[in-house]
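Undergrad: Line order of the protein sequences matches chains X and E. Following the numbering used here, the numbering of the first sequence begins with -19 at its first residue and continues without gaps. Following the numbering used here, the numbering of the second sequence begins with 24 at its first residue and continues without gaps.
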Amino acid sequence: MAFLEIDGLRKRFGSVEILKGIDVDLEKGGFLVLVGPSGCGKSTLLNTIAGLETITEGEIRVDGRTINDLHPSKRDIAMVFQSYALYPNMTVAGNIAFGMEMRGVPAQDRQKAIDKVAKVLQIGHLLQRKPSQLSGGQRQRVAMGRALVRDPKLFLFDEPLSNLDAKLRVDMRIEIKRLHATTGTTIVYVTHDQIEAMTLATKIAVMRDGEVQQFGTPAEIYNNPTNLFVADFMGSPAMNLIPATIGGNGNSLSVVLQREAREPISLPLADAPSGLSAFYSKPIIFGVRPEALTDPEGAERNASNIATADCHIEVVEPAGSDTFAVTNLGGKAVVARLRADANIQPGTSTPLAFNLTKAVFFDPATENRIL
Amino acid sequence: MSVIATPARQSTGGVSARTVNRIVIYGLLALFALFYLMPLFVMLVTSFKTMDEIQNGNMLALPQAPTFEPWLKAWGETCVGLTCAGIKGYFWNSIKMVIPAVLISTLLGALNGYVLTKWRFRGHTLVFGLMLFACFIPFQSVLLPMATILGSLGRFGVTLRNATGLSFGLGNPTVNLVFVHVVYGLGFTTLFFRNYYEAFPTELVKAAQVDGASFFQIFRRIMLPNSMPIFVVTVIYQFTNIWNDFLFASAYAGTGDAMPMTVALNNVVNTSTGVVEYNVNMAAAMIAALPTLLVYVVAGRYFVRGLMAGAVKG
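(1) Would DSSP call X:N48 helix, strand or coil?
(2) From which residue to which residue does the beta strand (DSSP E) around X:N335 run?
(3) Less than 8 Å separating the beta-carbons of E:K141 and E:Y220?
(4) Using the beta-carbon of each residue, which ones in chain X are nearer than 7 Å to E:A236?
(5) Between E:V138 and chain X, is there a C-beta pair that is closer than 8 Å?
(6) From X:G300 to X:Y202, what does the alpha carbon distance come to, in whole angstroms?
(7) Write down every uninterrupted run of the alpha helix (DSSP H) in the stretch 129 to 198 of chain X whose length is 4 residues or greater and which is fully enclosed by it, in chain order.
(8) Kindly confirm or deny that the stretch 72 to 85 of chain E and the stretch 291 to 302 of chain E touch, where touching means at least three C-beta pairs closer than 8 Å.
(9) Any idea if X:R158 is buried or exposed, counting beta-carbon neighbours within 10 angstroms, 16 or more meaning buried?
(10) First and last residue of the alpha helix (DSSP H) that includes E:Q163?
(11) Looking at X:L237: is its Cβ nearer than 8 Å to the Cβ of X:A224?
(12) Cβ of X:I(-2) less than 8 Å from any chain E Cβ?
(13) Determine, using beta carbons only, whether E:T294 and E:C102 come nearer to each other than 8 Å.
(14) Consider the Cβ of E:L149: report whether some Cβ of chain X lies at a distance smaller than 8 Å.
(15) Give me the Cα-Cα distance between E:G192 and E:I265, rounded to the nearest whole angstrom.
(16) Can you check whether the CB of X:E39 is closer than 8 Å to the CB of X:N48?
(17) Could you check which residue in E:V321, E:D280, E:S273 and E:N302 has the C-alpha nearest to that of E:N116?
(18) Rounding to the nearest angstrom, what Cα-Cα distance links X:A279 and X:L273 in this structure?
(19) Give the interface partners of E:I253 over in chain X, defined as CB-CB distance under 9 Å, in chain order.
(20) In angstroms, rounded to a whole number, what distance separates the CA positions of X:Y169 and X:A77?
(21) With distances taken from CA atoms, which of X:S234, X:I286 and X:R317 is nearest X:S261?
(22) Starting from the Cα of X:C291, find the closest Cα among X:L141, X:A252, X:G310 and X:F11 and give me that residue.
(23) Would you give the residue range spanned by the beta strand (DSSP E) that X:T307 belongs to?
(24) Checking 8 Å against the spacing of the C-beta atoms, do X:D275 and X:L332 come in under that value?
(25) Can you tell me whether E:T197 is buried or exposed? The criterion is at least 16 other CB atoms within 10 Å of its CB, across all chains shown.
(26) Give me the chain E residues within the contact set of X:I57, using Cβ-Cβ distance strictly less than 9 Å, ordered along the chain.
(27) With a threshold of 6 Å on Cβ separation, who are the neighbours of X:L352 within its own chain once the five nearest residues in sequence on each side are excluded?
(28) To the nearest angstrom, how far is the alpha carbon of X:S18 from that of X:H172?
(29) I'd like to confirm something about X:V236: is its beta-carbon nearer than 7 Å to some heavy atom of the ligand HEM, or not?
(30) Sort out for me which residues DSSP pairs E:V233 with in a bridge.
(31) Where E:F215 and X:I94 are concerned, what is the direct C-alpha to C-alpha distance, given to the nearest angstrom?
(32) Nearest chain E C-beta to X:P52 closer than 8 Å, yes or no?
(33) Pick helix, strand or coil for E:T296, following the three-state DSSP scheme.
(34) According to DSSP, simplified to helix, strand and coil, what is X:P223?
(35) Does DSSP put X:M82 in a helix, in a strand, or in coil?
(36) Which residues in the same chain as E:G277 place their Cβ atom closer than 8 Å to its Cβ, once the five residues preceding and following it in sequence are excluded?
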């Protein structure tokens, strides 16, 4: 039995359904990230777990106990808010201790708990300051301290890093990951940043319009997206999704990519998914991540199915660690990721290696993966 | 000389046009200020003059032999109606009425604002709209209905006293005035606090809920301590209105011992017998105006901050 279980959760505001039957679960000590574009219901889902929103249907269980109708303070949870929500009139110590004060913890024990948390988060020198005297990163730490001091069953994070600048965000991300590793707490984390989702999670739920599109480990989500939305949303730069047709002869299929004013490319598929034969000479969406489309020297050595084709390079973007080359296939700009020192010029034709082992195919009508 | 004079004259020409503008603007402003301050000036100088000087002298002239006599007389001896014990008793009447009225209406307004923004219920906009509507009801139109209500409360007070020996203040004119001002002020105080709390981060309330704070604990520990600017604005507004109110005061406590300052002042000034003691009248009027002035001076710096609070909140 999982530690956190959400069964058939529905949330309606009047006639509008915000959450349309969510089924998610998480093992003890796991790190679940809810990710999706704004308005997908991920924050609402978190608020229902916290008890800050009521639910219309379904059940939420933590450690086997149903918490549907419990007051937020009775759910044994702690929450870190996007704006940190530090009480401006109280000192850092007062903020951290407020929850304990409300639960009637004696002053001595409160002080002990504050000191312990301050040590973990290295905020001991800030305890007597007001939130307005803290920097963004310090506020973030205090907000985490306020959550940590409860020692709850479940931590909830609502986009905690989105108010920080880019560098601090990476630092705090690592800190949260370290905190999770050292304390072994169970965390549910909401973000719209798919990199945060990939780096932090043990499980990811990709959401759209109040529905979970895919639920799985980061590797599953990244390598085996179940539909076009997940494929497009996860990964940066995004997966190339190229309109194509299925061609070939007899029992071996191939992907045919149209090109402007040139012969179409035909890439033979060694081990095509069985569902693909139904799409013979029909349109499909061919998905290939930028790192699976590279210069032949940089291609993965042990990939079983690599096809090479000459492509006309339109733009070259040296990004320091990699060089991105943009070509045009099937009427779409397609990004290839090459080695940093790849010798490539815009306006020329160069052979690119397609790692077809990593390629995925989608039905353009249903937008679902063809398996 | 002529070589350097030319550019100098050009620049002074530009400056002088601006200077003329400034003179006109500031001159007009000074004139308006003078116009508004003139009555205060006349009041102030008259209150320090003797009656002889007032009857023979120039209204604007400074007092020849400044005297505190009129102030002392106004405070302790002047006749209000038939009793000649000065206005001090009525001053305290007003204080006793204004402090509870201001505090209760402000706290209830804060509570209303808190509920209307952070504990929204179905139809909260309608409720707020109706409360807002209370701001537009003219004083005069509630005089009679309110008199009926106060009359019934008074009768109920008598019944209570007969039954229990205590009237719980029902029927007491000061309590009546506090009640009227609280009811009438609620629309405004609710409006002030609702608009302030509308911009107040809801996540703070949610965080306090997760921390286990109750409805009133959140109000007292989170909302109120962070409402200083709007609290001051509301207190100034309510204090000025209630202290200066004459209509309700004269209607519901116009006679007897509970008469507030404004009514007493009117009775001092409108005396129909003997010599009109302008100096005493002016001193009494100044005394009546002092508390509001004091409130503005003490709390005034928060007033501007309060009005700009939404703009500077981080």
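Backbone N, C-alpha and C fix where the C-beta goes; we use that ideal spot for every residue, glycine too.
TA: Straight from the coordinates:
(1) Secondary structure at X:N48: coil, using DSSP grouped into helix, strand and coil.
(2) First-last of the beta strand (DSSP E) with X:N335: S329 to N335.
(3) Yes. Within cutoff.
(4) The contacting residues are M82.
(5) No, E:V138 does not count as interfacial toward chain X.
(6) Taking the straight line joining both Cα atoms gives about 24 Å.
(7) Listed in chain order, they are 146 to 163 and 174 to 180.
(8) Remark: three or more beta-carbon pairs, one from each stretch, lie closer than 8 Å, so the stretch 72 to 85 of chain E and the stretch 291 to 302 of chain E are flagged as touching.
(9) Burial call: exposed.
(10) Its alpha helix (DSSP H) spans residues F162 to T187.
(11) Yes; because the gap between Cβ atoms is below 8 Å, this pair is in contact.
(12) So no, X:I(-2) is outside the interface.
(13) Yes, these two residues count as a Cβ contact at 8 Å.
(14) Not an interface residue.
(15) Between E:G192 and E:I265, the C-alpha separation is close to 20 Å.
(16) Cβ distance < 8 Å, so X:N48 and X:E39 count as in contact.
(17) For the residues E:V321, E:D280, E:S273 and E:N302, the minimum Cα distance to E:N116 belongs to E:D280.
(18) Our two residues, X:A279 and X:L273, have alpha carbons roughly 8 Å apart in a direct line.
(19) Residues of chain X with a Cβ closer than 9 Å to the Cβ of E:I253 do not exist; the shortest Cβ-Cβ separation is about 14 Å.
(20) For X:Y169 and X:A77, the distance between alpha carbons rounds to 23 Å.
(21) The residue from X:S234, X:I286 and X:R317 with its alpha-carbon nearest to that of X:S261 is X:S234.
(22) The candidate whose alpha carbon is nearest that of X:C291 is X:G310.
(23) D302 to L309 is the extent of the beta strand (DSSP E) around X:T307.
(24) Yes, Cβ-Cβ distance for X:D275 and X:L332 is below 8 Å.
(25) Buried is the call here.
(26) Per Cβ cutoff of 9 Å: V233.
(27) No answer is possible for residue 352 of chain X: it lies beyond the span of chain X, which begins at -19 and ends at 351.
(28) Looking at the backbone, the Cα of X:S18 and that of X:H172 are separated by about 7 Å.
(29) This structure lacks the ligand HEM, and indeed carries no ligand of any kind.
(30) E:V233 is not bridged to any residue.
(31) Between the alpha carbons of E:F215 and X:I94 lies a distance of about 37 Å.
(32) Yes, because at least one Cβ of chain E sits closer than 8 Å to the Cβ of X:P52.
(33) Judged by DSSP in its simplified three-state form, E:T296 adopts coil rather than helix or strand.
(34) Three-state result, X:P223: strand.
(35) Looking at X:M82 - three-state DSSP - the assignment turns out to be helix.
(36) Closer than 8 Å at Cβ, skipping near neighbours: V286.
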